[in-house]
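One structure below.
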Amino acid sequence: MHGWAGKILRVNLSKTEIKQVSTQQYAERYLGGRGIASRLYWETVAPEVKAYDPENRLIFMTGPLVATGTQAANRLSVVGKSPMTIPEKYCYGNIGGFSGAEIKKAGYDGIVIEGKASKPVYLWIQDDKAEIRDAAELWGQGIYKVGEILRQQHGKNTHFLTIGVAGENKVRTATMVGSHESASSAGFGAVMGSKNLKAVAVQGSGKPSVADPEKLAELNRYTAKISKRIRLSIPPTTEATGQGHLLEVIGQGKCYQCGLECIRGLYKYSNGSVGNRKCQAQEYYLPWLYSKKDEPVDTFFEAPTLANDYAICTFELENMVHWIHACYQAGCLTERETGLPLSQIGTREFLVKLLHSISYREGFGDVLAEGLVRAMEKVPAKARAMLSRDVAPIGSETHCSPRAFVVYSLIYGMEPRYHQPIVHDTNFLHVAWVINQFHPEVSPVTARVFHDVARVFWGSEAAGDLSSYEGKALAAVKIQNRTYIKDSLGLCDFAWPIMYSFNTPDHVGDPNLEARIFSAVTGISGEKFGQYAETNFNMQRAIMLREGHQPPQADFPVEYNFTDPLQKDHFGRPVMVPGRGDKPVDATGKTLDRDKFKAMLQEYYRLRGWDEPTGIPSARTLAALGLEDVAAVLKSR
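For the sequence shown, the working numbering assigns the number 100 to the initial residue and increments by one for each residue that follows.
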């Protein structure tokens, strides 16, 4: 099998058993990554299993492009039952850096972990040797110390996935963190902790075979040429608060085999500190947002590192700190009630106390350790009312409301979580368009280019009018399918797809590039992408239905989108989106039209081949995808 390693490692911690199974039976239909992982979940995790039950699985899966030399093909999908979703149900995460590639180099396409160890352990993999080892020395340590110990024991080329103290204490928002400080959200760090699994450490010396190395090299050169886009700059919230002078970009935070432009960068701070930082995690705790303008820059620099060391989701932390600050300002929470120095929000002192209390489940931290949405059940009514309605059990839709980006009104309800890669498909292009309005020399995405990209990637030029309902059902299908392919191949969301470019005549990217690379690596035609995408999307749909998803109502966005006008952003700026032609549209004040949404949802069901009244995949559609066994289960339920 070119591209695939050909083996999946299956680990039973309760029985201390390690076995191997062939990848091929899964790869032929589900491709890899999230696709294979979801099928394995369907086969092994019953609907009644809870997130912390030994019967839950942690499924790590690479894709066929990972570690083949393909640019930015280094992602590792993580699938299992999540403790963050409400109720606990199927979910997924994604990790970049080096861990996924190292698993592939060791000769495995993925790892399936079940059971619970009788004491803290870690999994050590060195090529075809895998063993469960004692983790007494690692337990209780932060992720940086764990990495240091593992490399001392196994060598500097060891890569790993690990959890912090938050995961050990089953904090629902605990992440698992990999080499290069890449992390997976959805609470899988807590699932890892529930299994007494502290880490997975890997060393690999192999490499998957490639069907046509010369063609791959040619396509990599072409990829590098057309991927030249907006260069990394100062993060937007830092810039908007007037603190952009505190840091500068001095390089890229490159993951395994990637030389493409990326949102992850190497930053130098005004205090002389240097570190890799990425996107939201870099800005989740900004002292000046809480009137702490004299706070040392060290706090700004250390905030992501502190969160990583305990391994707590920074999306959750950002929502949490904003809520606590609003409650304190309104007198809804006091220092006495919480045991936290609320008057010091924005300082290092407050952040350290908050992280420690959550990770060790001390006092009010034990309430917050259940996740912000669940915590609302245990706080005073006035404090409960201060929580933004944009906050979801995983993440929030603050920056990408369906009232401004109509296509998201279809997408959000189809997923078990707020999903960044699907949001990015539209959001990254929108950001490039916004930048062009003010700095055309920086971004090539004019209104004309935006609509051309919409036609090529989303199925119609009408889809480029983000505020309208026309063309959005087809756009949703195409965005979802492309994202599922990307997650199944192991491609990085920040680099793929290449939708616009400085170096193409019309500044439109290449929608077929992933398929051509897949063909060069595997020798299999990329024309099968459509079927892979439909299979994997319907597989996830079936899992969600089996676990209680009840369409069509469950496919609707949150109710306030239909009733509450969209507000300006938190800097007081209107929310502008591309409209028809060259005219931008101010989405501020808009709500979703219920009747238009219902008509759009019905069109979406038709495009998917689902039953229109119920939103359930038809037996004919599932049979055409080779999912007859799935159809039988859905029919019986």
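Where is the CB? At the ideal position from N, CA and C, for every residue including glycine.
| field | First through last residue of the beta strand (DSSP E) which encompasses Q225 | value | 220-225
| said: For E618, count the other beta carbons within 10 Å of its own beta carbon; 16 or more makes it buried, fewer makes it exposed. Which is it? | reply: Here residue 618 turns out to be Ser, not Glu, going by the sequence shown. The residue in question, S618, is buried, as its Cβ has 16 or more Cβ neighbours within 10 Å.
| query | For T433, is the classification buried or exposed, using 16 other Cβ atoms within 10 angstroms of its Cβ as the cut-off for buried? | reply | Around the beta-carbon of T433, fewer than 16 other beta-carbon atoms lie within 10 Å, marking it exposed.
| said: With H, G and I counted as helix, E and B as strand and the rest as coil, what does DSSP make of T261? | reply: When secondary structure is reduced to three states using DSSP, T261 falls in the strand class.
| Between the Cα of F670 and the Cα atoms of F159, L296, G341, which residue gives the shortest distance? | When F159, L296, G341 are compared, the shortest CA-CA separation from F670 is found for G341.
| Is R128 near G725, with beta carbons less than 7 angstroms apart? | yes
| Whole-number beta carbon distance between K203 and V177, since they are thought to touch under 8 angstroms | With a Cβ gap of about 15 angstroms, V177 and K203 do not count as contacting.
| request: Enumerate in chain order the residues of its own chain whose CB-to-CB distance from N535 is below 6 angstroms, with the five nearest sequence positions on each side excluded. | output: S542, V544, T545
| field | Exposure label - H550; buried when at least 16 CB within 10 Å | value | Buried, because 16 or more other Cβ atoms sit within 10 Å of the Cβ of H550.
| task | Check whether the Cβ atoms of L260 and V309 sit closer than 7 angstroms, and answer yes or no. | result | No. Outside cutoff.
| query | Between the segment 443-463 and the segment 390-401, are three or more C-beta pairs nearer than 8 angstroms? | reply | yes
| Neighbourhood of T398 by C-beta distance below 6 angstroms, restricted to the same chain and skipping five residues each side | Non-local C-beta neighbours of T398 in its own chain, meaning closer than 6 angstroms and more than five positions away in sequence, comprise P386, R447, ordered along the chain.
| Closest by C-alpha distance to D465, when choosing among G438, L450, A482, A484 | G438
| request: Go ahead and label A480 buried or exposed: buried means 16 or more other beta carbons lie within 10 angstroms of its beta carbon, across all protein chains shown. | output: exposed
| query | For the beta strand (DSSP E) that contains C190, what are its first and last residues? | reply | Counting along the chain, C190 sits inside the beta strand (DSSP E) bounded by residues 188-194.
| said: In whole angstroms, give me the CA-to-CA distance for Q356 and K585. | reply: 16 angstroms
| How about the segment 124-140 and the segment 630-648: do they share at least three Cβ pairs that are nearer than 8 angstroms? | yes
| task | Name the two residues that bound the continuous beta strand (DSSP E) containing L453. | result | Not the beta strand (DSSP E): L453 falls in the alpha helix (DSSP H), residues 447-458.
| query | Taking just the CA atoms, how far does R679 sit from G192? | reply | Answer to the nearest angstrom: the Cα atoms are 36 angstroms apart.
| Hey, G102 and V620 are a contact pair by Cβ (cut 8 angstroms); roughly how many whole angstroms apart? | 4 angstroms
| So, do the segment 275-294 and the segment 310-321 have three or more beta carbon pairs nearer to each other than 8 angstroms? | Inter-segment contact for the segment 275-294 and the segment 310-321 is absent: fewer than three beta-carbon pairs are separated by less than 8 angstroms.
| request: Quick one: using the 10 Å Cβ neighbour count with 16 as the cut-off for buried, is R581 buried or exposed? | output: Residue environment analysis places R581 among the buried positions, since at least 16 neighbouring C-beta atoms fall within 10 angstroms of its C-beta.
| G214 vs S283 beta-carbon contact at 7 angstroms | no
| task | Reducing DSSP to helix, strand and coil, say where S181 ends up. | result | DSSP places S181 in strand when its eight states are reduced to three.
| task | Note down the Cα distance separating I212 from L237, rounded to an integer number of angstroms. | result | Computed Cα separation, rounded: 19 angstroms.
| message | With a threshold of 7 angstroms on Cβ separation, who are the neighbours of I642 within its own chain once the five nearest residues in sequence on each side are excluded? | response | S137, Y140, W141, Y189
| query | Do A235 and V301 have their C-beta atoms within less than 7 angstroms of each other? | reply | Not in contact: A235 and V301 (Cβ atoms no closer than 7 angstroms).
| message | Taking the beta strand (DSSP E) that N635 belongs to, which residues open and close that run? | response | Premise fails: N635 lies in the alpha helix (DSSP H), 628-645, not in any beta strand (DSSP E).
| field | Inter-residue CB distance, L700 and P651 (contact presumed, cutoff 8 angstroms) | value | Contact between L700 and P651 holds: CB atoms are separated by about 6 angstroms, below the 8 angstroms threshold.
| query | What separation, rounded to the nearest whole angstrom, lies between the Cα atoms of K106 and V555? | reply | Note on geometry: alpha-carbon atoms of K106 and V555 lie some 37 angstroms from one another.
| said: Taking the beta strand (DSSP E) that D739 belongs to, which residues open and close that run? | reply: Residue 739 lies beyond the residue range present for the chain, which begins at 100 and ends at 736; the question has no answer from this structure.
| field | contact_flag[the segment 370-377, the segment 216-229] where n(CB pairs < 8 angstroms) is 3 or more | value | No, they do not touch.
| request: With a 10 Å radius around its C-beta and 16 neighbouring C-beta atoms as the bar for buried, classify Y418 as buried or exposed. | output: The question names Tyr, yet the displayed sequence has Asn at residue 418. Looking at its Cβ environment, which holds 16 or more other Cβ atoms inside 10 Å, N418 is buried.
| Boundaries of the alpha helix (DSSP H) in which M291 is found, first to last residue | 287-293
| request: Pick helix, strand or coil for D397, following the three-state DSSP scheme. | output: helix
| query | Where T662 and F655 are concerned, what is the direct C-alpha to C-alpha distance, given to the nearest angstrom? | reply | 13 angstroms
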